[in-house]
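These notes concern the structure reproduced below.
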Amino acid sequence: AQSVTQLDSQVPVFEEAPVELRCNYSSSVSVYLFWYVQYPNQGLQLLLKYLSGSTLVKGINGFEAEFNKSQTSFHLRKPSVHISDTAEYFCAVSDFYGGSQGNLIFGKGTKLSVKP
Amino acid sequence: EAQVTQNPRYLITVTGKKLTVTCSQNMNHEYMSWYRQDPGLGLRQIYYSMNVEVTDKGDVPEGYKVSRKEKRNFPLILESPSPNQTSLYFCASSYSGVRDEQFFGPGTRLTVL
């Protein structure tokens, strides 16, 4: 069965510093990959997704992620964070070849805390 | 305004008392899904529906039921709630499946005593 590992449960960082949130998934033939963000007391919002094509994916709010098939990773990066990026970030994967296009597996989340 | 609504937003109940959490979307989306969120466990998918009358189990379906009689509504039913179903529940919808952006509802915080 598909699984997702977010390697850091909490990441503290200073404002304007770069950040990388790490995500690994279990091997599969074909996957869709996603990053969602949850601001305090809100639902989730899609940051970016990888379906096919270019392995570097750009999303909203200056975030980007790189799909690495050989390392089964999909790390999220931002070159300079703002206080407003403080939130919980979730990596998710859908195994559309072995499973259905309705099943989505989330990681346990990484809490990004941006300090002034 | 395009949105997913859930009701109630907060609910405290007792073990064994049947309850329904409603979910409705006004975007004409084919796909709808239910998740539960627990501290340290992230989100886990309970059930999903690819279309009217088509539902399938997610990763944690035990103790839950769903139905999809109309495109816009996807209620979550707990026939006999237990304390381990205390959680934050989110409904989501998208145009045709997980490859499309899912729009999430505001969440329902359920406490089962």
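Protein sequence lines, in the order shown, are assigned to chains A and B.
Sequence positions in the first sequence follow the numbering used here and run 526 to 641.
Sequence positions in the second sequence follow the numbering used here and run 638 to 750.
Think of the CB as a built atom: it goes at the ideal place given N, C-alpha and C, for glycine as much as any other residue.
Next on the checklist: Quick check on this structure: which residue in B/R705, B/T748, B/G744 has the alpha carbon closest to the alpha carbon of A/Y564?
Outcome noted: Here residue 564 of chain A corresponds to residue number 39 of the first sequence, with the count starting at 1. Looking from the CA of A/Y564, the closest CA among B/R705, B/T748, B/G744 belongs to B/G744.
Checklist entry - Taking any Cβ of chain A, which residues in the segment 663-689 of chain B have a Cβ under 8 Å from it, in chain order? => result Listed by position along the chain: Y668, S670, Y672, G677, L678, G679, L680, R681, Q682, Y685, S686, M687.
Checklist entry - Does A/K633 have its Cβ less than 8 Å from a Cβ in chain B? => result As a working mapping, residue 633 of chain A is identified with position 108 in the first sequence. Answer yes: the Cβ-Cβ gap between A/K633 and chain B drops below 8 Å somewhere.
Checklist entry - Which residue from A/A612, A/H607, A/G632, A/N628 puts its Cα closest to that of A/E540? => result The sequence position of residue 540 of chain A within the first sequence is 15, counting from 1. It is A/H607.
Checklist entry - Taking all protein chains shown into account, do 16 or more other C-beta atoms lie within 10 angstroms of the C-beta of A/I630, making it buried, or fewer, making it exposed? => result Counting from 1 along the first sequence, the entry for residue 630 of chain A is found at position 105. With 16 or more other Cβ atoms from the protein chains shown falling within 10 Å of its own Cβ, A/I630 counts as buried.
Checklist entry - Touch check for the segment 662-680 of chain B and the segment 717-737 of chain B: three-plus C-beta pairs under 8 Å? => result yes
Item to check | the segment 548-563 of chain A / the segment 649-664 of chain B touching (three or more Cβ pairs under 8 Å) | outcome: no
Checklist entry - What residues in its chain sit with their C-beta under 6 Å from that of B/K708, if we drop five residues either side in the sequence? => result As a first step, residue 708 of chain B must be located in the second sequence, where it is residue number 71. Within the same chain, V689 come within 6 Å of B/K708 by CB-CB distance, once the 5 residues on both sides are set aside.
Item to check | Cut-off 8 Å between Cβ atoms - residues of its own chain near B/P698, not counting five sequence neighbours on either side | outcome: Numbered from its first residue, the second sequence carries residue 698 of chain B at position 61. Around B/P698, the same chain offers I683, Y684 as residues with beta carbons nearer than 8 Å, after the five sequence neighbours per side are excluded.
Checklist entry - What are the residues that DSSP puts in a beta bridge with A/E589? => result Along the first sequence, one-based indexing puts residue 589 of chain A at 64. Under DSSP, A/E589 forms a beta bridge with A/K583, A/R602.
Next on the checklist: Strictly below 8 Å CB to CB, what residues from chain B border A/L571?
Outcome noted: As a working mapping, residue 571 of chain A is identified with position 46 in the first sequence. Chain B residues near A/L571: E738, Q739.
Item to check | Backbone CA spacing between B/P718 and A/A612 [nearest angstrom] | outcome: Residue 718 of chain B sits at position 81 when you count from the first residue of the second sequence. Residue 612 of chain A sits at position 87 when you count from the first residue of the first sequence. Taking the straight line joining both Cα atoms gives about 31 Å.
Checklist entry - Can you list, in chain order, the residues of its chain whose CB lies under 6 Å from that of B/D696, leaving out five sequence neighbours each side? => result Your numbering for residue 696 of chain B matches position 59 in the second sequence. Answer for B/D696: R681, Q682, listed in chain order.
Checklist entry - Apart from the five residues just before and just after A/G584, which ones in its own chain have a Cβ nearer than 6 Å to its Cβ? => result For the purposes of this step, residue 584 of chain A is taken as the residue at position 59 of the first sequence. Same-chain partners within the cutoff: L572, L573.
Next on the checklist: Let me make sure I understand the geometry here. Which of A/Q570, A/E545, A/S619 has the alpha-carbon closest to that of A/Q535?
Outcome noted: Translated into the one-based positions of the first sequence, residue 535 of chain A becomes position 10. Comparing Cα-Cα distances from A/Q535 to each of A/Q570, A/E545, A/S619, the minimum goes to A/E545.
Item to check | Contained beta strand (DSSP E) runs [length at least 3] in the segment 689-716 of chain B, N- to C-terminal order | outcome: Runs found: 691-694, 713-715.
Checklist entry - Which residues in the same chain as B/T692 place their Cβ atom closer than 8 Å to its Cβ, once the five residues preceding and following it in sequence are excluded? => result Against the second sequence, residue 692 of chain B aligns to sequence position 55. For B/T692, where only same-chain residues beyond five positions count, the Cβ hits under 8 Å are Y684, Y685, S686, V703, S704, R705.
Item to check | Residue burial classification, B/R646 (beta-carbon count within 10 angstroms, cutoff 16) | outcome: Along the second sequence, read from residue 1 onward, the residue named residue 646 of chain B stands at position 9. When all chains shown are included, B/R646 counts as exposed.
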